[in-house]
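Letter by letter, the sequence shown follows residues 2 to 389 of the working numbering.
From the three backbone atoms N, C-alpha and C, an ideal C-beta is built for every residue, glycine too.
Computed from a predicted structure; not experimentally measured.
Everything below concerns the one structure shown next.
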Amino acid sequence: MENNIKSLKEEFSKLFGTNRQPIIVRSPGRVNIIGEHTDYNNGFVLPASIDKAAYMAISLRDDDEIHLMAFDLNETFTIALKDLKPVGDISWPNYILGAAAQFQKKNITLKGFNAILSSDVPMGAGLSSSAAVECATVFAINELLQTNLDKVEMVLMAQKAEHEYAGVMCGIMDQFASVMGKRDHVIKLDCRSLEYEYVPFKLDGIKILLLNTNVKHSLASSAYNTRRQECEQAVAWIKEHHPEVHSLRDATEAMLDEYVLPKDALIDMRSRFIVQEIARLQQGCEDLKKGDINALGKKMFATHDGLSKMYAVSCKELDYLVDFVRKNDAVIGARMMGGGFGGCTINLVKEDAIDELVALIKPAYEKEMGLPLTYYIASIENGTEIIS
Ligand code: GLA
């Protein structure tokens, strides 16, 4: 990345002059070991920030304008502070503008700024490339304006950017992981209280292999919002009898049997997955702490099956990749990761078997699906930071 940072700085001087040197912020993408679609149900998640990240070179301007450039796309965008609102279809400026707008919403006087963005988090791969940009922006503006916001407050602002400027009613996981990540650790996050614990994740001879389907089906964000509503409906039905239940975190399968299943079998199945997944994460996290990685791996496969059959957020490409590795002894656990309908599978694989696995699965997938298969070995790195 050293070279990229150098070219980012050079481009910045070329575009905006040299009178104000930018700061450079790095904000990573994330993986999630287990606990999917549990964040907006107030459950737990187990994510980690990775070595792929968004980089932003940014400095204040003397006027009230925002000048942006997406280095990798060679596109620019300009807007006045007073006109701040979502632009067009979801395009890259929205993640930055949405994050900047959160300062105005907090009645913090926002100033004009110049920013260049570059990212090696693959887009649409389920690695939270958008959260990385939102978090980089909030973190950078906080630094430039010296607003001294605490990290969790910045996480919440970045999440709001996604809600308001990208229209995805996401939970807190992606932004939290990007900002709060810690090298060689996963974060066990309680999405209700936002209490968290770092759990060591350095496994001897095992690596995190991400297999990218290279597909993002168009229903991803609308289906995401629908799932959220389905979960809320289940809670509303339970609440009529148990006012103490505020989210599926508080629900049991017995409650679903009694109050949800008789009303709607589909909503029952969706919410049952969530109740099971919250419990599965708790046990999986204990497996990890005990060093029983095989038990955790089995739960990852179970999560995949639930996401595919009960929560219905998988797709044939993701299912193909998970089914392919299921019988392979070198693969400890695998599942689709993130919101679904495309993106990556996460695989815990014995390091010395990775080359062989890739050599088998890549041509098979490409032949069967007619799409390229790309792969990354992810290492767990620190969360958002100012690097220069
Ligand atoms: C997306 C959302 C997250 C989370 C996951 C599913 O990544 O942004 O908040 O809900 O999907 O676990």
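In the DSSP assignment, Pro123 falls outside any alpha helix (DSSP H) and carries neither an H nor an E. Contact between Ala100 and Leu111 is absent: CB atoms are separated by about 11 Å, not below the 8 Å threshold.
For Arg273, DSSP assigns no beta-bridge partner whatsoever.
Counting along the chain, no beta strand (DSSP E) covers Ile388, and no H or E run does either.
Ser248 and Gly36 have their C-alpha atoms some 16 Å from each other.
Under the three-state reduction of DSSP output, Ser28 falls in the strand class. In this structure Lys152 is in contact with Met181, their Cβ atoms being roughly 6 Å apart against a cut-off of 8 Å. Taking 8 Å as the cut-off, the beta carbon of Ser179 is found no closer than this to the beta carbon of Thr39. Contact between Glu318 and Gly343 is confirmed by a C-beta separation of about 7 Å, below the 8 Å threshold.
Annotation note: the segment 198 to 226 contains the following uninterrupted beta strand (DSSP E) runs of length 3 or greater, listed N- to C-terminal: 207 to 217.
With a threshold of 7 Å, the Cβ atom of Cys316 does not count as near the ligand GLA, since no heavy atom of the ligand is closer than that. Cα atoms of Leu85 and Asn108: separation of roughly 14 Å, rounded to the nearest angstrom. Within the same chain, Cβ atoms closer than 7 Å to the Cβ of Cys232 are found at Asn42, Leu249, Arg271, Ser272, Ile275, the five residues on either side in sequence being excluded. With 16 or more other Cβ atoms from the protein chains shown falling within 10 Å of its own Cβ, Met337 counts as buried.
Under the three-state reduction of DSSP, Phe342 is assigned to coil, being neither helix nor strand. With distances taken between CA atoms, Met370 lies nearest to Phe325 out of Phe325, Ile381, Glu357, Ala335.
For Gly172, the shortest C-beta to heavy atom distance toward the ligand GLA is below 7 Å. The alpha carbon of Gly341 has as its nearest neighbour, out of Ser222, Met155, Glu382, the alpha carbon of Ser222.
Judged by the Cβ position, Tyr197 fails to qualify as a neighbour of the ligand GLA at the 7 Å threshold, every heavy atom of the ligand being at least this far.
In the pairwise beta carbon analysis, the segment 127 to 134 is classified as touching the segment 42 to 62: at least three pairs are separated by under 8 Å.
Taken in chain order, the whole alpha helix (DSSP H) runs of length 4 or more contained in the segment 277 to 345 are 294 to 306, 317 to 327. From the listed residues Asp353, Pro123, Asn295, Asp356, the smallest Cα separation to Arg327 is found for Asn295. In the structure shown, the three-state DSSP call for Phe78 is strand.
Distances from the CB of Asp175 to the heavy atoms of the ligand GLA include at least one below 7 Å.
At a threshold of 7 Å, Gly340 counts as near the ligand GLA, since its beta carbon sits closer than that to one of the ligand's heavy atoms.
Within the segment 47 to 102, the runs of beta strand (DSSP E) at least 3 residues long that lie entirely inside it are, in chain order, 48 to 61, 66 to 71, 76 to 81. With respect to Leu210, Val122 sits apart: the two C-beta atoms are not nearer than 8 Å. Where Leu190 is concerned, the enclosing beta strand (DSSP E) starts and stops at 186 to 191. Leaving aside the five residues that flank His243 on each side, the residues in its chain whose CB is nearer than 7 Å to its CB run, in chain order, Met256.
By the neighbour-count criterion, in which 16 or more other beta carbons inside 10 Å mark a residue as buried, Lys83 falls on the exposed side. The beta-bridge partner set that DSSP reports for Leu349 consists of Ile209, Gly334. In this structure, the ligand GLA has a non-hydrogen atom nearer than 7 Å to the beta-carbon of Glu37. Nearest to Glu254 by C-alpha distance, out of Gln277, Asp265, Val187, Lys264, is Gln277. Look at Ser272: its beta carbon is at least 7 Å from all of the heavy atoms in the ligand GLA. Here the C-alpha atom of Ser120 lies approximately 7 Å from the C-alpha atom of Asp73.
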